[in-house]
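Asks:
Numbering (UniProt numbering), first residue to last: 1 to 457.
#1: According to DSSP, is residue 125 helix, strand or coil?
#2: List the endpoints of the continuous beta strand (DSSP E) containing residue 211.
#3: Quick check: the stretch 312-332 against the stretch 254-270, are at least 3 beta-carbon pairs closer than 8 Å?
#4: Between which two residues does the alpha helix (DSSP H) carrying residue 265 extend?
#5: Tell me, which residues are paired with residue 229 by DSSP?
#6: Drop a sphere of 10 angstroms on the beta-carbon of residue 176, count the other beta-carbons inside from all chains shown, and report buried for 16 or more, exposed for fewer.
#7: Are residue 156 and residue 218 closer than 8 Å when you measure CB to CB?
#8: May I have the straight-line CA-CA distance separating residue 201 from residue 159, to the nearest angstrom?
#9: Could you check if residue 439 is buried or exposed, using at least 16 other CB atoms within 10 Å of its CB as the buried criterion?
#10: Using the C-alpha atoms, what's the distance from residue 456 back to residue 444?
#11: DSSP state of residue 443, grouped into three classes?
#12: Measuring alpha carbon to alpha carbon, tell me which of 122, 108, 104, 105 ends up nearest residue 347.
#13: Pull up the distance between the alpha-carbon of residue 358 and that of residue 120, whole angstroms please.
#14: With a threshold of 16 other CB atoms inside 10 Å of the CB of residue 375, please say whether the residue is buried or exposed.
#15: Assign residue 192 to one of two classes, buried (16 or more other C-beta atoms within 10 Å of its C-beta) or exposed (fewer than that).
#16: Buried or exposed, going by whether 16 or more other CB atoms sit within 10 Å of the CB of residue 34?
#17: Measuring alpha carbon to alpha carbon, tell me which of 273, 409, 109, 220 ends up nearest residue 319.
#18: Would residue 284 and residue 246 be called neighbours here (beta carbons separated by less than 8 Å)?
#19: Taking the alpha carbon of residue 139 as the reference point, which residue from 426, 309, 215, 287 has its own alpha carbon closest?
#20: For residue 225, which option in 185, 189, 248 has the closest C-alpha, if you only look at C-alpha atoms?
#21: Beta strand (DSSP E) containing residue 186: first to last residue?
#22: Put residue 317 into one of helix, strand or coil per three-state DSSP.
#23: From the DSSP output, which residues share a beta bridge with residue 281?
#24: Does the beta carbon of residue 234 sit closer than 8 Å to a beta carbon anywhere in chain C?
#25: Specify, as a first and last residue, the run of the beta strand (DSSP E) that residue 337 falls within.
#26: Grouping DSSP H, G and I as helix and E and B as strand, with all else coil, what is residue 196?
#27: Quick one: residues in its chain with C-beta nearer than 7 Å to the C-beta of residue 476, no 5 flanking neighbours on either side, listed in chain order?
#28: Tell whether a beta-carbon distance below 8 Å holds between residue 280 and residue 293.
#29: Residue range of the beta strand (DSSP E) that residue 238 falls in?
#30: Determine the DSSP secondary structure at residue 375, reduced to helix, strand or coil.
#31: Would a C-beta distance cut-off of 8 Å place residue 234 and residue 253 closer than the cut-off?
#32: Considering Cα atoms alone, identify which of 164, 373, 408 is closest to residue 90.
#33: Give me the Cα-Cα distance between residue 328 and residue 110, rounded to the nearest whole angstrom.
#34: With a threshold of 7 Å, establish whether the CB of residue 296 neighbours any heavy atom of the ligand PLP.
#35: Going by alpha carbons, who is nearest to residue 324 out of 251, 137, 103?
#36: Could you check the C-alpha separation between residue 108 and residue 339 for me, to the nearest Å?
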């Protein structure tokens, strides 16, 4: 598990080959990363030891595989042969191998669930709830002895409020968040053509509120009409009456309307048997789409003229100035769609990073422990080899150290052999001397030619 989010496994499978070269190797690597499988195969021969084969595998991963994925730097690679040897030395390590297998299954399960949740979040997740609307008003009679002008004139105040019934959420939604616009139409005869409308329309900078208040002067009952336009997410549309009768849908989202159209086409077998992209219109489709035939891909464009804004919610109310009616409140229940509470939990699961650092630290500790075990194994192999054949092991070790020293100091040749006379009596020495004198003669000739050329000029 890499940071608890992106995980990929590398599975090394050795395939035995019937060959005389026992150091040959065919290596097949399978990488499972975010449900993407990559399989590659390399082959090699002439490996002198298991350690050399392991080194080849690690280098191959570093140069060809690890750069394939951005999270590859968090992957720790341990050769299978090392794990197998450790399992032989420490039988209790089988429990760790079992945990690795279990972790792989757990990672695969979590990855599948994450993909399922991501797919579910792409679809609208809505629940139908009841929004209770409260409409009330108060009347303030005129006060002749009032000092300010407002108190000397009778007035009324209309309140429109609401709340979601049985709302389990800790953070309550504001009343205005359910609507795209609100229009209160007062009696035009009382307030004139310029002052009888009170409008609120949602904008990008609108502040949400728990209710609306309207205050006007007056001492008589006022008839008013409330027009509330719900804020549908995703947007919904009212269908053309002909299409609504055909599909049995009054108001719905664009995707649901197209799906219902396709279902009607399949039910009535309107799809052309030869040209599948065409639809042969029946008499109802011909009336709606004005043609005997059309492509299904043209339907979204044709629907533009057949989709209308949804009807607003219309409420007729009387603003009463009778003192006996002051405590009366009109209540209306409206069906609204709200986000499924499960959606926030899904988003929280995908965005959760609480355990990432802990998992990363545990992975680092495991890696360090395995590295220390490998170092101890190298020391153990050293001691075992020395105990079996001290003289031969010391000679091999000195030769190995000598080769390493030459690589570190960039020394050319072999000084130990070159200081002996027998080294120069070998067959190659005659050819080397001839080549040396030939190169010197060619070099001297070029110098003379350059000197003569300078004199002639």
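Positions of the beta carbon are idealized from the N, C-alpha and C atoms, including for glycine.
Replies: This is what the structure holds:
#1: For this step, residue 125 is matched to residue 125 along the chain shown. Coil at residue 125, not helix or strand.
#2: On the chain shown, position 211 is the one that residue 211 refers to. From DSSP, the beta strand (DSSP E) with residue 211 extends over 211-217.
#3: Contact between the stretch 254-270 and the stretch 312-332 is absent, because fewer than three Cβ pairs lie under 8 Å.
#4: The sequence position of residue 265 within the chain shown is 265, counting from 1. Note, residue 265: alpha helix (DSSP H), 254-267.
#5: In the chain shown, residue 229 corresponds to position 229, counting from 1. For residue 229, which the question treats as bridged, DSSP gives the partners 181.
#6: Taking the first residue of the chain shown as 1, we reach residue 176 at position 176. The residue is buried, with at least 16 neighbouring Cβ atoms inside 10 Å.
#7: In the chain shown, residue 156 corresponds to position 156, counting from 1. In the chain shown, residue 218 corresponds to position 218, counting from 1. For residue 156 and residue 218, yes; Cβs fall inside 8 Å.
#8: Translated into positions along the chain shown, residue 201 becomes position 201. Translated into positions along the chain shown, residue 159 becomes position 159. In a straight line, the C-alpha of residue 201 is about 17 Å away from that of residue 159.
#9: For the purposes of this step, residue 439 is taken as residue 439 along the chain shown, with counting starting at 1. Residue environment analysis places residue 439 among the exposed positions, since fewer than 16 neighbouring C-beta atoms fall within 10 angstroms of its C-beta.
#10: Translated into positions along the chain shown, residue 444 becomes position 444. Translated into positions along the chain shown, residue 456 becomes position 456. Distance between the alpha carbons of residue 444 and residue 456 is about 19 Å.
#11: Counting from one through the chain shown, the residue named residue 443 turns up at place 443. Reduced to three states, the DSSP call for residue 443 is helix.
#12: In the chain shown, residue 347 corresponds to position 347, counting from 1. Out of 122, 108, 104, 105, 122 has the C-alpha closest to the C-alpha of residue 347.
#13: Counting from 1 along the chain shown, the entry for residue 358 is found at position 358. Counting from 1 along the chain shown, the entry for residue 120 is found at position 120. Cα-Cα distance, rounded: 29 Å.
#14: Here residue 375 refers to the residue found at position 375 of the chain shown. With fewer than 16 neighbouring CB atoms inside 10 Å of its own CB, residue 375 falls in the exposed class.
#15: As a first step, residue 192 must be located in the chain shown, where it is residue number 192. Residue 192 comes out exposed.
#16: Translated into the one-based positions of the chain shown, residue 34 becomes position 34. Its pLDDT being 38, under 50, residue 34 is placed unreliably by the model, and the measurement read from it follows with that caveat. Flag for residue 34 reads exposed.
#17: Locating residue 319 in the chain shown gives position 319, counting from the first residue. When each option's Cα is compared against that of residue 319, the closest is 220.
#18: The residue labelled residue 284 in the question sits at position 284 within the chain shown. The residue labelled residue 246 in the question sits at position 246 within the chain shown. Residue 284 is a Cβ neighbour of residue 246, given a cutoff of 8 Å.
#19: Working through the chain shown from its first residue, we reach residue 139 at position 139. Residue 215 is the option with its Cα nearest to residue 139.
#20: As a position in the chain shown, residue 225 is number 225, starting the count at 1. From the listed residues 185, 189, 248, the smallest Cα separation to residue 225 is found for 185.
#21: Your numbering for residue 186 matches position 186 in the chain shown. Per DSSP, residue 186 belongs to no beta strand (DSSP E) and is neither H nor E.
#22: Within the chain shown, the letter at position 317 stands for residue 317. Here residue 317 sits in strand by DSSP.
#23: On the chain shown, position 281 is the one that residue 281 refers to. Looking at the DSSP output, residue 281 sits in no beta bridge, so it has no partner there.
#24: Protein chain content of the structure displayed is limited to a single chain, and chain C is not contained in it.
#25: Locating residue 337 in the chain shown gives position 337, where the first residue counts as 1. Taken as a continuous stretch (DSSP letters only), the beta strand (DSSP E) holding residue 337 covers 330-339.
#26: In the chain shown, residue 196 corresponds to position 196, counting from 1. Note: residue 196 maps to coil in three-state DSSP.
#27: Because the chain is modelled from 1 through 457, residue 476 falls outside the range shown and cannot be assessed.
#28: Position 280 of the chain shown, counted from the first residue, corresponds to residue 280. Position 293 of the chain shown, counted from the first residue, corresponds to residue 293. Yes.
#29: Here residue 238 refers to the residue found at position 238 of the chain shown. Residue 238 -> beta strand (DSSP E) spans 236-239.
#30: Walking along the chain shown from the start, residue 375 turns up at place 375. Three-state result, residue 375: helix.
#31: To locate residue 234, count along the chain shown from 1; it is residue 234. To locate residue 253, count along the chain shown from 1; it is residue 253. Yes.
#32: Mapped onto the chain shown, residue 90 falls at position 90. Distances from the alpha-carbon of residue 90 to those of 164, 373, 408 put 373 closest.
#33: Your numbering for residue 328 matches position 328 in the chain shown. Your numbering for residue 110 matches position 110 in the chain shown. Near 56 Å, if we compare the C-alpha coordinates of residue 110 and residue 328.
#34: The model on display carries no ligand, and the ligand PLP is accordingly not part of it.
#35: As a first step, residue 324 is located in the chain shown; it is residue number 324 there, counting from the start. The closest CA to that of residue 324, considering only 251, 137, 103, is found on 137.
#36: As a position in the chain shown, residue 108 is number 108, starting the count at 1. As a position in the chain shown, residue 339 is number 339, starting the count at 1. When the Cα atoms are used, residue 108 and residue 339 turn out to be separated by approximately 29 Å.
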